[in-house]
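Residue numbers (my numbering): 3 to 344.
Just so it is clear, CB atoms sit at the ideal spot from N, CA and C, and this is done for glycine as well.
Quick caveat, the model's predicted, so the values are computed rather than measured.
Written out below as structure tokens is the structure these notes cover.
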Amino acid sequence: MRFKGVISHEGMRALERQFLPCLEKFGKQCYLLLTPTDVYLLQDVDTTDGLQVSARLENNIIFEPNTCVIQSRNDNYVAFTISIPLFLKALRAADGYEADTLSVKLTTRSAPGTDPTQQRNRPMLIFSWQGDDVGLGQELPVGKPLQTEAELLTVRRLCNVTTMCPFYLDICPELRRITLCADKLKPLGASAVRLSLAKQGDLHLSIEGAGLTLGEGFPGLEALWENSNNNIEDNNGNPSQPVALTSERMEDRLREAQNLHDGSVTTALVEIEHLVKTLHSAPPTRPQRLLCGIRSVDENMDVDTRGAGSFIHFMFVYQQGVDENGQFPMHLFYKLPIKEEE
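As structure tokens, then:
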């Protein structure tokens, strides 16, 4: 197993200022999955408080050209757990010294065991950087690299982005107002907020209790749809345009869309803490689009489709279009669990 590379300035900026701080909001540890083409930062329900996070950056974004070497017996996939705070500390140290180059290498170092007379090998990421008249290095302990195909398969499943929602709304233009609404609802004592999306481009946030419903609606959002290739495209890709709504008040528009009984509305309960953290993680990463969708399991679905479960999907898109494999060159995806109705 072998991994080494030279992290580019663009890669340092993306990791240090954008993606790692986002993941740190949900947990202090993540999987670092290295492939011949991509770098993944992954969190599962065991490393967060219940949601899944998947960040993907192509190797040519993270590393200087022709410097990245990733080799293993498992199709050249390398994966291990890493401390996010320590990873950030190493990157910030290099940034603080205005490093011209930042090299990284996976290796092993002898470390004391429980018995002082014995030594054991421990995996390390070695960071080395060169600045003005100074060369420094830092060792970062990491988890034991995954060895078996079964172990790697478990982590690779976290990268799966083929399970999409029926439709998405691009909330980026109204992100500030939606975040402000969620912030206002959070102190009111409810643990969950109801999120409703309408194909006509409406998003609704509300909490319910003591016979009262409080919330706000946001109309005029762009709707996007899943096509036959599991890619997302705008309204032109929708085989049947949704029925236009005639009501002006947001609560009336939601009721009108629900009464169509044609799947125009999807709704779910989500932990308000999850939603607030997700919305607040968007501005530092500056996505071009922030797509929000709801996937609810239907008993009429086939077994394989039901197996993917129900979730609220947030897709941070950083440039238009997809690559030749149908994926975004850089993305950040969140899967938030749906709470059961009381």
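**Report entry** Where Lys107 falls: helix, strand or coil (DSSP)
**Finding:** Within the sequence shown, numbered from 1, the residue matching residue 107 stands at position 105. Lys107: strand per DSSP, three-state reduction.
**Report entry** Beta bridge counterpart(s) of Tyr42 as assigned by DSSP
**Finding:** Locating residue 42 in the sequence shown gives position 40, counting from the first residue. According to DSSP, Tyr42 bridges with Leu35 and Arg58.
Query raised in the report: Ser10 CB to nearest chain D CB: under 8 Å?
Result: Looking for chain D here will not work: only one protein chain is present.
Query raised in the report: Between which two residues does the alpha helix (DSSP H) carrying Val157 extend?
Result: As a first step, residue 157 must be located in the sequence shown, where it is residue number 155. Looking at the DSSP string, the run of the alpha helix (DSSP H) that includes Val157 is Glu151 to Arg158.
Query raised in the report: Would you say Arg75 touches the ligand MG, meaning its beta carbon is less than 7 Å from a heavy atom?
Result: Ligands are entirely absent from the displayed structure, and the ligand MG is therefore not among its contents.
**Report entry** With 16 other Cβ atoms within 10 Å as the buried cut-off, status of Gly309
**Finding:** In the sequence shown, counting from the first residue as 1, residue 309 sits at position 307. Unreliable placement is indicated for Gly309, whose pLDDT of 40 sits below 50; no coordinate value is reported for it.
Query raised in the report: Taking the alpha-carbon positions, what's the Cys174 to Met126 distance?
Result: Translated into the one-based positions of the sequence shown, residue 174 becomes position 172. Translated into the one-based positions of the sequence shown, residue 126 becomes position 124. Whole-angstrom Cα-Cα distance: 39 Å.
Query raised in the report: Just to confirm, are Val80 and Lys6 a CB contact at a threshold of 8 Å?
Result: The sequence position of residue 80 within the sequence shown is 78, counting from 1. The sequence position of residue 6 within the sequence shown is 4, counting from 1. Taking 8 Å as the cut-off, the Cβ atoms of Val80 and Lys6 do not count as close.
Requested in this report: Determine, using beta carbons only, whether His276 and Leu338 come nearer to each other than 8 Å.
Outcome: Here residue 276 refers to the residue found at position 274 of the sequence shown. Here residue 338 refers to the residue found at position 336 of the sequence shown. Yes, they are a contact pair.
Query - Paired residues, beta bridge with Ile72 - DSSP - result: Taking the sequence shown and counting its residues from 1, one reaches residue 72 at position 70. According to DSSP, which records beta bridges pairwise, Ile72 is partnered with Phe5.
Query raised in the report: Rounded C-beta distance between Gly29 and Phe82? I'm assuming under 8 Å.
Result: Against the sequence shown, residue 29 aligns to sequence position 27. Against the sequence shown, residue 82 aligns to sequence position 80. Gly29 to Phe82, Cβ: 16 Å. No contact.
**Report entry** Boundaries of the alpha helix (DSSP H) in which Cys183 is found, first to last residue
**Finding:** Start at 1 with the first residue of the sequence shown, and residue 183 comes out as number 181. Its alpha helix (DSSP H) spans residues Leu177 to Leu187.
Requested in this report: Have a look at Asp306 and Val299 and give me their C-alpha separation to the nearest angstrom.
Outcome: Taking the first residue of the sequence shown as 1, we reach residue 306 at position 304. Taking the first residue of the sequence shown as 1, we reach residue 299 at position 297. With a pLDDT of only 43 at Asp306, under 50, the local geometry of the prediction cannot be trusted, and the value read off the model is given with reservation. If you take the alpha carbons of Asp306 and Val299, they lie about 11 Å apart.
Query raised in the report: Quick one: is His11 buried, meaning 16 or more other Cβ sit within 10 Å of its Cβ, or exposed?
Result: The residue given as residue 11 occupies position 9 in the sequence shown. It counts as exposed.
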